[in-house]
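A.B. asks: Numbering (this note's numbering), first residue to last: 42 to 139.
The C-beta atom is built at its ideal place from N, Cα and C for all residues, glycine as well.
Everything numeric in this text was worked out from a predicted model, so none of it was measured.
Here it is in structure tokens:
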């Protein structure tokens, strides 16, 4: 299961170090949530994904946050692509174990 979307980078209000997040759009989040119901359960309802921004590819997990999933974007990726909080970025996301 793969998705491509544009999303705005935001900072988790509780943690202000070197992490930002993007929200997975509503339609994609709904599809992922449906799939996650048949996958083996993971901590905090997380789903393993492979992500690509620009030419940078990495594996991480997305986490439910209300009706959407939140995707952490680590500082090294933000710096490499000159991304600041509030910037829009194109995200390629593949659900693993699907």
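Among residues of its own chain, excluding the 5 on either side of residue 133, which ones have a beta-carbon nearer than 6 Å to its beta-carbon?
C.D. replies: Translated into positions along the chain shown, residue 133 becomes position 92. Answer for residue 133: 45, 93, listed in chain order.
A.B. asks: With 16 other CB atoms within 10 Å as the buried threshold, where does residue 62 fall?
C.D. replies: For the purposes of this step, residue 62 is taken as the residue at position 21 of the chain shown. Flag for residue 62 reads buried.
A.B. asks: Below 8 Å CB to CB, which residues in the same chain sit around residue 85 once its five sequence neighbours on both sides are set aside?
C.D. replies: Residue mapping note: residue 85 aligns to position 44 of the chain shown, counting from 1. For residue 85, where only same-chain residues beyond five positions count, the Cβ hits under 8 Å are 104, 105.
A.B. asks: Can you tell me whether residue 48 is buried or exposed? The criterion is at least 16 other CB atoms within 10 Å of its CB, across all chains shown.
C.D. replies: The sequence position of residue 48 within the chain shown is 7, counting from 1. Answer is buried; the Cβ neighbour count reaches 16.
A.B. asks: With distance defined between alpha-carbon atoms, name the residue in 102, 108, 107 nearest to residue 114.
C.D. replies: The residue labelled residue 114 in the question sits at position 73 within the chain shown. Here the closest residue by C-alpha is 102.
A.B. asks: Along the chain, where does the alpha helix (DSSP H) that runs through residue 68 open and close?
C.D. replies: In the chain shown, counting from the first residue as 1, residue 68 sits at position 27. Per DSSP, residue 68 belongs to the alpha helix (DSSP H) from 67 to 77.
A.B. asks: One question on the structure: do residue 50 and residue 126 come within less than 7 Å of each other, judged by their Cβ atoms?
C.D. replies: Indexing the chain shown from 1 puts residue 50 at position 9. Indexing the chain shown from 1 puts residue 126 at position 85. Against a cut-off of 7 Å, the Cβ pair of residue 126 and residue 50 comes out as a contact.
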